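In what follows, a structure is listed as structure tokens, so that the remarks can point back to it.
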Amino acid sequence: MKLQCVVVALCLGASVMAGKYSREVNEQMPTDSDGKTVEFRIAKLNQVWEKAKRMQLSPVRQAELHSDLKIQEKDELQWKKLKVEGLDESGEKEAQLRRNFNVILAKYGMDGKRDTRPLESNQLKDHDAKEGDTFDDPRLDKLWNKAESSGKFSSEELLSLKREFQHHKDKIHEYNILMDTVNRVEEVHKNVISPLEGDVKEHVLHQRHTDLKQKMRDLNQGFERLRKLSHEGFTEDSEFQEPRVIELWESAKRANLSEDELDSLKELRHFETKVEKHSHYKEQLELSHQKLRHVESLGDKEHIKRNQEKYNALAEKTREMGYKMKKHMQDLSNKISRDGLQHNEL
């Protein structure tokens, strides 16, 4: 009975999440102490957003940052409720939120450090990248060059494969940012732990390192998938094409779910459509930005105004879709982890 409920849960969850996301996105905008409308309910997130606008990040990067900050805001507001109810006594959730926030700052170059960190780890890279390498990682570049010259892939398949390689490169970068953030936080707290806090801090540090080890396992498994794809090509029964959806599907298969549970997760196809739609909007946003810059150079104020309005509307839609997509992915990841754990405990 439990296994049959997974399909229903996913379908109901999708409709509930759609309504929930719409409510969250369409809520009245918050205001600051002066009554001015602001983007976020948490002051530090507004400061980050304003700084990002001053930095003139690309429209797509701004949209991605906005989605990350929205999710951070939601998680922090939920944590505040937990804290009031006394449900985070160990401080583990608070530490996780602080770490996530630091990762966001580093990811978008707002942590005060020049991003000169190589995309590497001691398990993934054993020599320096050469100028002109596609993915800044010798193992990825070697694999990609072999695949590209193998003749096994059509133009469309090469584009799909390149998306997976790029996604893996991004995951390596995120891992390195997280590892660097954890190391810095540990260094700060290393000499200020009181005897009473020792056991709690030890537990939190252990959890951080467990998370890092899991991410490293995921990276190694992801690389193995790329290696297999590069040598064997895509098969006709490939379940998905979008890298983030493939990652969820591979996680589900590794979670020792039953055949019925795995079959129910083919609902991921609907999520894949959502991800592809968001990617399309990001492309359109970039094109709209280029057109706006061109129109501004011509100096026709009326023309500029019309294009600015179109660009603003598209930017807002892209941010909204990005938040929905990332939150949906977060929920699916949690569900797969939770169901996998329950299944293993039976």
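Those letters in the sequence shown? Residues -18 to -1, 1 to 328, per mature numbering (1 follows the signal peptide of the UniProt record, and there is no 0), in order. Backbone N, C-alpha and C fix where the C-beta goes; we use that ideal spot for every residue, glycine too. Predicted, not measured: the structure shown is a model, and the values here were computed from it.
> What number of angstroms, rounded off, separates the C-alpha of ILE86 from the C-alpha of ILE154?
Replying inline: Here residue 86 refers to the residue found at position 104 of the sequence shown. Here residue 154 refers to the residue found at position 172 of the sequence shown. Whole-angstrom Cα-Cα distance: 15 Å.
> Is the Cβ-Cβ distance between residue 350 and TRP31 less than 7 Å?
Replying inline: Residue 350 cannot be examined here, being either before or after the span of the chain that is shown, -18 to 328.
> What separation, rounded to the nearest whole angstrom, lies between the Cα atoms of PHE253 and ALA234?
Replying inline: As a working mapping, residue 253 is identified with position 271 in the sequence shown. As a working mapping, residue 234 is identified with position 252 in the sequence shown. Cα to Cα, PHE253 sits roughly 15 Å from ALA234.
> Using a Cβ-Cβ cut-off of 6 Å (strictly less than) and excluding sequence neighbours within five positions of GLN312, which residues of its own chain qualify?
Replying inline: In the sequence shown, counting from the first residue as 1, residue 312 sits at position 330. Closer than 6 Å at Cβ, skipping near neighbours: no residue.
> For THR192, which of LYS210, TYR157, LEU208 and PHE222 has the nearest alpha-carbon?
Replying inline: As a first step, residue 192 must be located in the sequence shown, where it is residue number 210. The shortest Cα separation from THR192 among LYS210, TYR157, LEU208 and PHE222 belongs to TYR157.
> Which whole-angstrom value is the C-beta distance of GLU214 and PRO41, which I expect to be below 8 Å?
Replying inline: Locating residue 214 in the sequence shown gives position 232, counting from the first residue. Locating residue 41 in the sequence shown gives position 59, counting from the first residue. Actually they do not touch by this definition, with Cβ atoms about 38 Å apart.
> Mind checking whether SER212 and ALA129 have CB atoms under 7 Å apart?
Replying inline: Your numbering for residue 212 matches position 230 in the sequence shown. Your numbering for residue 129 matches position 147 in the sequence shown. The answer is yes: Cβ separation under 7 Å.
> Hey, GLU55 and LEU79: beta-carbon distance below 7 Å or not?
Replying inline: Here the question's residue 55 lines up with position 73 in the sequence shown. Here the question's residue 79 lines up with position 97 in the sequence shown. Not closer than 7 Å, so no.
> Helix or strand or just coil, what does DSSP make of MET92?
Replying inline: Taking the sequence shown and counting its residues from 1, one reaches residue 92 at position 110. Looking at MET92 - three-state DSSP - the assignment turns out to be coil, as it is neither helix nor strand.
> How about LYS264 and THR300: do their beta carbons lie closer than 7 Å?
Replying inline: Taking the sequence shown and counting its residues from 1, the one referred to as residue 264 is at position 282. Taking the sequence shown and counting its residues from 1, the one referred to as residue 300 is at position 318. Contact: yes.
> Contact between the segment 223 to 238 and the segment 146 to 153: three or more CB pairs below 8 Å?
Replying inline: yes
>> At the level of alpha carbons, what is the spacing between LYS287 and LYS35?
In response: Residue numbering aside, residue 287 sits at position 305 when the sequence shown is read from its first letter. Residue numbering aside, residue 35 sits at position 53 when the sequence shown is read from its first letter. Whole-angstrom Cα-Cα distance: 20 Å.
> Looking only at its own chain, which residues have a Cβ that is under 7 Å from the Cβ of ARG236, when we skip the five neighbours before and after it?
Replying inline: If you number the sequence shown from 1, residue 236 lands on position 254. Around ARG236: no qualifying Cβ.
> Should LEU51 and LEU27 be called a contact, given that it needs their Cβ atoms to be closer than 7 Å?
Replying inline: For the purposes of this step, residue 51 is taken as the residue at position 69 of the sequence shown. For the purposes of this step, residue 27 is taken as the residue at position 45 of the sequence shown. Taking 7 Å as the Cβ cut-off, LEU51 and LEU27 qualify as a contacting pair.
>> To the nearest angstrom, how far is the alpha carbon of TRP208 from that of GLN60?
In response: One-based indexing of the sequence shown puts residue 208 at position 226. One-based indexing of the sequence shown puts residue 60 at position 78. Per the sequence presented here, residue 208 reads as Leu, with Trp not at that position. One C-alpha to the other measures close to 37 Å.
> Rounded to the nearest angstrom, how far is the Cβ of SER279 from that of TYR293, given a contact under 8 Å?
Replying inline: Residue mapping note: residue 279 aligns to position 297 of the sequence shown, counting from 1. Residue mapping note: residue 293 aligns to position 311 of the sequence shown, counting from 1. About 15 Å separates the two Cβ atoms, so there is no contact after all.
>> I'd like the list of long-range same chain contacts for ASN127, defined as Cβ closer than 6 Å, with 5 residues on each side in sequence excluded.
In response: For the purposes of this step, residue 127 is taken as the residue at position 145 of the sequence shown. Closer than 6 Å at the Cβ level, and outside the excluded window around ASN127, lies no residue.
> Can you check whether the CB of ASN82 is closer than 7 Å to the CB of THR163?
Replying inline: Residue 163 sits at position 181 when you count from the first residue of the sequence shown. Residue 82 sits at position 100 when you count from the first residue of the sequence shown. No; because the gap between Cβ atoms is not below 7 Å, this pair is not in contact.
> Using DSSP with H/G/I as helix, E/B as strand and the rest coil, what is SER136?
Replying inline: The sequence position of residue 136 within the sequence shown is 154, counting from 1. Coil at SER136, not helix or strand.
>> Need the endpoints of the alpha helix (DSSP H) that GLN44 sits in, please.
In response: Mapped onto the sequence shown, residue 44 falls at position 62. Here the alpha helix (DSSP H) through GLN44 covers 41 to 66.
> Would you call the CB atoms of GLU284 and VAL257 closer than 7 Å?
Replying inline: Position 302 of the sequence shown, counted from the first residue, corresponds to residue 284. Position 275 of the sequence shown, counted from the first residue, corresponds to residue 257. No, these two residues do not count as a Cβ contact at 7 Å.
> Would a C-beta distance cut-off of 7 Å place PHE117 and LYS151 closer than the cut-off?
Replying inline: Locating residue 117 in the sequence shown gives position 135, counting from the first residue. Locating residue 151 in the sequence shown gives position 169, counting from the first residue. Contact flag set, yes.
> Which residues mark the beginning and the end of the alpha helix (DSSP H) in which GLU278 is found?
Replying inline: On the sequence shown, residue 278 is found 296 positions in, with the first residue counted as 1. Segment 250 to 280, the alpha helix (DSSP H) holding GLU278.
> Between the C-alpha atoms of SER72 and LYS306, what's the straight-line distance to the nearest angstrom?
Replying inline: Taking the first residue of the sequence shown as 1, we reach residue 72 at position 90. Taking the first residue of the sequence shown as 1, we reach residue 306 at position 324. About 31 Å.
> From SER315 to GLN196, what does the alpha carbon distance come to, in whole angstroms?
Replying inline: On the sequence shown, position 333 is the one that residue 315 refers to. On the sequence shown, position 214 is the one that residue 196 refers to. Each residue's alpha carbon lies about 14 Å from the other.
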